[in-house]
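Chains as they are written, first to last, in my numbering: chain A, 193 to 436; chain B, 8 to 203.
What follows is the structure, given as structure tokens:
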């Protein structure tokens, strides 16, 4: 491992180069951790749903608590109309959460610390929500950009701002997750480097910092997954129940 | 025109970023587009597979489990409520039975006591009757004996005195005159001997 705090984000090929046409779709460490995350999600929830005992075992409890947690989050923010999208938001939350959490293991790769991954997820959500909005409300969905109770003089300005804020949603959503993950991991790496460079005498302070940072980063890993899912719910809510 | 400037600025800023990081240590690996296509491909593949498996197989099972457990628990609560009511009714019944049997036992006890008392009374009466009869009989016998006693004494007295007189005088004396005298005497002394 290099001392450079950014080298932990390096993507490198595992195995041979795979090319489809002009596109390089080689298996990389990012792909490996995506597969690890999805497989562990599927394993956890498969074992959690296998047996249905009145007194749930640990796996079942885990699966059912996650299920009710996400279901409550969706019904609180987007209402009952969002029920058909439950599976998507659940998968999204779990995918981001597991990727973040696997990133916390030393020497592991954090899939969500790459802007391209979060941007693809966010733009998929953005496009999907926009399509849902236009299907549900037709061109009435454009009323989203015209908030009620605004003086007519301010309306042009407000509409422009609303449109910009709407269009920046995928960027803000993706950059929030990516920047949080990257900053946290870089900081941990920097403090880890301090421990080494200050040695046995002065290394204890950055070490204690590192310990605290790991706790904080685990919190951030959960929180960012939660924020990602809940913002998706809020966008979905805008598309399903036009409030403005 | 504006569009052109916009895209150019993005392009240049991207270059600037690359340059700035490259100068130091190879730049941000996130902005290196070498593996972007690969990451997009694997993301879509893994996330898509996970979504399909979760939504088609696992999540319905979990929601099914939750629903069935909920209904089962509700059923159990209902059954428990029912059984509680049943047991309360049975407890009441039991109390009633206990009370009833207690009162029955009381009446039975009273009845038997009365019967026993009656029997005792009847037996006692019979016994009293018998005792009375025997007392009466004995009294009658005594009476008979008492009545007959003076006559016998008189007779003995008459016979004794007539024999005595014959020995003394040597000739028979009229027994009727003797008996008249004895009667007279005994009547006079009767009070002294018998105390009536």
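Just so you know, even glycine gets a beta-carbon here, dropped at the ideal spot from N, CA and C.
(request) Tell me whether residue 252 (chain A) counts as near the ligand MG, meaning its Cβ is closer than 6 Å to at least one heavy atom of that ligand. (result) Questions concerning the ligand MG fall outside what the structure shown contains, since it holds no ligand whatsoever.
(message) Less than 7 Å between the beta carbons of residue 46 (chain B) and residue 309 (chain A), yes or no?
(response) yes
(message) Count Cβ pairs between the region 292-308 of chain A and the region 388-405 of chain A that sit closer than 8 Å; are there 3 or more?
(response) no
(message) Do residue 241 (chain A) and residue 69 (chain B) count as a contact pair if the criterion is CB distance below 7 Å?
(response) yes
(request) Could you confirm whether any beta carbon from chain B is found closer than 7 Å to the beta carbon of residue 262 (chain A)? (result) no
(request) Show which residues of chain B have a CB atom less than 8 Å away from the CB atom of residue 220 (chain A). (result) 42, 45, 46, 49
(message) Just to confirm, is the Cβ distance from residue 198 (chain A) to residue 233 (chain A) under 7 Å?
(response) no
(message) Would you say residue 340 (chain A) lies against chain B (beta-carbon separation less than 7 Å)?
(response) no
(message) Against residue 374 (chain A), what residues of chain B qualify as contacts under a CB-to-CB distance less than 9 Å, listed in chain order?
(response) 35, 37
(message) As an exercise, report each continuous alpha helix (DSSP H) stretch of at least 4 residues that is fully enclosed by the region 339-422 of chain A, in chain order.
(response) 347-359, 361-394
(message) Looking at chain A, is there any beta carbon in it that lies within less than 7 Å of the beta carbon of residue 78 (chain B)?
(response) no
(request) Put residue 30 (chain B) into one of helix, strand or coil per three-state DSSP. (result) Its pLDDT being 40, under 50, residue 30 (chain B) is placed unreliably by the model, and nothing is read from it.
(message) Looking at chain A, is there any beta carbon in it that lies within less than 7 Å of the beta carbon of residue 98 (chain B)?
(response) no
(message) Here's the rule I'm using: 16 or more other beta-carbon atoms within 10 Å means buried, otherwise exposed. How should residue 341 (chain A) be labelled?
(response) exposed
(request) Report yes if the C-beta distance between residue 266 (chain A) and residue 278 (chain A) is below 7 Å; otherwise report no. (result) yes
(message) Looking at the strands, I want to know which residues DSSP matches up with residue 216 (chain A).
(response) A:211
(request) Taking residue 164 (chain B) as part of the alpha helix (DSSP H), name the residues at either end of that continuous run. (result) 66-176
(message) Quick check: residue 337 (chain A) and residue 225 (chain A), are their CB atoms within less than 7 Å of each other?
(response) no
(request) Look at residue 220 (chain A) and residue 231 (chain A) and say whether their C-beta atoms are less than 7 Å apart. (result) no
(request) Kindly indicate if chain A contains any beta-carbon less than 7 Å away from that of residue 101 (chain B). (result) no
(request) Over the uninterrupted alpha helix (DSSP H) stretch that includes residue 256 (chain A), give me the two end residues. (result) 250-270
(request) Name, in chain order, the residues that DSSP records as bridge partners for residue 205 (chain A). (result) A:220
(request) Ignore the nearest five residues each way along the sequence and tell me which others in residue 426 (chain A)'s own chain have a CB closer than 7 Å to its CB. (result) 269
(request) Could you spell out the range, first to last residue, of the alpha helix (DSSP H) harbouring residue 329 (chain A)? (result) 307-329
(message) Using beta carbons (cut-off 7 Å, strictly below), is residue 202 (chain A) in contact with chain B?
(response) yes
(message) Quick check on the DSSP output: the alpha helix (DSSP H) that includes residue 58 (chain B) runs from which residue to which?
(response) 43-60
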